[in-house]
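Residue numbers (this note's numbering): 38 to 349.
Every residue, glycine too, gets a C-beta built ideally from N, C-alpha and C.
One structure below.
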């Protein structure tokens, strides 16, 4: 688990997680990504009361290197057969850890296992996806039903699954990964500060022959209120942080090369022109946030340049 200024989320999540670990040979590694608030002191104080068996090991990172770097620090801190990456803004439903472990036994040739993500009221969240492509960027910007129907296989978000599924990639809000996967393909790419690192890791794992299994019988509440403002800013159509676009450029370049990154930007712009025309005709605008037309070009000439957090 990685914390960045979310101590209350951490406490609530651990309250649901720790009972699930009883009887298991398991330990929690909690990495604080150099939070500038009193997170560490608050969490330490809480742990003295809530974790008498010292199941939780708290590590303080010397910098805020982002989601991938924080998780890698935790992974390297302990030797395990399987690693559960769990967001701070989650709550684990009873029996879900056992269900994921059972899934790993039922599907021994797979390398990653994910649960159903849901809201507190039990409504499902999208957590299974197909890989982004330049064409999916066009569809994301166009937001036009006819294209979604004609090019359905390029729609990134899959419907909420009710049965066992094997998506291209799955949300890393909660995912269990076999140690052999890390040993074969490496850890998360720390060139990503936040966003797209889960997609890139799944792409690397699948390219190496590992399957991803999603089991909706394991259920985890995802509050979507953690360290990143991206989802809320997207909902409000406000400008997104630089690291989102820099991660997007990195993924498109790593996966499809310069021509793919260029195609993604051009196709996004073409799609946006379609949604803009629909907007002029009185349709609601769901396609873009502030200055996205310019921000998609961030890091275009240096797509592998890592983002540096100003508080690092």
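Best match in the options for proximity to residue i [C-alpha to C-alpha]
| i | options | result |
| --- | --- | --- |
| residue 70 | 294, 102 and 162 | 102 |
| residue 234 | 109, 60, 59 and 42 | 109 |
| residue 258 | 157, 268 and 338 | 157 |
| residue 135 | 56, 249, 339 and 191 | 56 |
| residue 174 | 345, 302, 344 and 334 | 302 |
| residue 60 | 106, 276, 142 and 92 | 92 |
| residue 95 | 40, 49, 284 and 196 | 40 |
| residue 311 | 176, 205 and 251 | 176 |
| residue 345 | 288, 285, 280 and 194 | 280 |
| residue 353 | 339, 124 and 97 | An answer regarding residue 353 cannot be provided, because it is not within the stretch 38 to 349 covered by the chain. |
| residue 188 | 217, 167 and 129 | 167 |
| residue 244 | 286, 148, 75 and 282 | 148 |
| residue 132 | 53, 194 and 142 | 53 |
| residue 298 | 87, 307, 99 and 286 | 286 |
| residue 117 | 283, 79 and 64 | 64 |
| residue 237 | 112, 292 and 211 | 292 |
Buried versus exposed call for residue i [16 or more other C-beta atoms within 10 Å across all chains shown]
| i | result |
| --- | --- |
| residue 185 | exposed |
| residue 183 | exposed |
| residue 201 | exposed |
| residue 208 | buried |
| residue 226 | buried |
| residue 121 | buried |
| residue 115 | exposed |
| residue 140 | buried |
| residue 340 | buried |
Beta-carbon spacing of residue i, residue j below 8 Å
| i | j | result |
| --- | --- | --- |
| residue 84 | residue 38 | no |
| residue 326 | residue 270 | yes |
| residue 253 | residue 153 | yes |
| residue 191 | residue 170 | yes |
Segment limits, alpha helix (DSSP H) that includes residue i
| i | result |
| --- | --- |
| residue 309 | 279–317 |
| residue 253 | Counting along the chain, residue 253 falls outside any alpha helix (DSSP H), though it belongs to the beta strand (DSSP E) covering 248–259. |
| residue 325 | Note, residue 325: premise wrong, no alpha helix (DSSP H); not H, not E. |
| residue 237 | 234–244 |
| residue 269 | 267–273 |
| residue 175 | 171–179 |
| residue 46 | 44–54 |
Delimiting residues of the beta strand (DSSP E) encompassing residue i
| i | result |
| --- | --- |
| residue 69 | 65–69 |
| residue 186 | Unbroken run through residue 186 is the alpha helix (DSSP H), 182–187; no beta strand (DSSP E). |
Cβ-heavy atom distance, residue i to the ligand MG, below 7 Å
| i | result |
| --- | --- |
| residue 145 | No copy of the ligand MG occurs in the structure displayed, which carries no ligand at all. |
Residue-chain proximity (residue i, chain B), Cβ-Cβ < 8 Å
| i | result |
| --- | --- |
| residue 240 | Looking at the structure shown, chain B is missing, and only one protein chain is on hand. |
**Study point:** alpha helix (DSSP H) runs contained entirely in the stretch 88–163, provided each spans 4 or more residues
**Key:** 104–113 and 133–143
Exercise for review: Just list the beta strand (DSSP E) runs in the stretch 204–231, keeping only unbroken ones of 3 residues or longer that don't cross its boundaries, in chain order.
Suggested key: 211–215
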